[in-house]
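When you read off a place in the sequence shown, starting at 1, and then add 5, the result is the number in this note's numbering.
Just so you know, even glycine gets a beta-carbon here, dropped at the ideal spot from N, CA and C.
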Amino acid sequence: MKTKRLLLPLVISILFNATNSFCQIVSIDDVQIIPDQSLPYESVTIQVFGGFTSMGPYFDESSFTADDLSLQLDLFFTDEFGPAIPDTWSHDEDIGTLLPGSYDLSVQAYWRSVPESDYILHDTYPTNFTVIPEPSTLLLFTLGTFIARYRRR
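Right under this line is the structure:
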């Protein structure tokens, strides 16, 4: 009878942890672009801040894709092996330099609890930012326009 009393809390703890890991929620709280008004020669970094409902998941990998002015950063988390992260997390992704323009960025967080299963989309954070043309390039373009007009006259 004493053994049953000792095993019952252990079994309850195991079941609670197993169901708790399947109920993990990944959220993206904020996305920042560094620098916020970048120039074409500056490297751009995406900083993502988020959280979990409980501690213990691992960061698996990230995937960045660019299609013209649409950018997407996917973050993959798992209950498998990897660097453990706390219930609040951040991730920096250096994406290099971008051409001048207004960009739409979508950051998505995926999570899976069972190995060999598909990742499940948990949160999406859409934002946009602008890469402004370099001031000297604008000055040279304007100067070239005036010289071309002057030569035609």
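DSSP, read as helix, strand or coil, puts I152 in helix. Beta-bridge partners assigned by DSSP to E47: none are found. One alpha carbon belongs to D35, the other to S122, and they sit about 28 Å apart. Here I30 is exposed. Its C-beta has fewer than 16 other C-beta atoms within 10 Å. Assigned with DSSP and collapsed to three states, T135 falls in strand. Note on T70: under 16 other CB atoms within 10 angstroms of its CB, so exposed under the neighbour-count rule. The beta carbon of I38 sits closer than 7 Å to those of V49, I51 and F134, all from its chain and outside the five residues before and after it, given in chain order.
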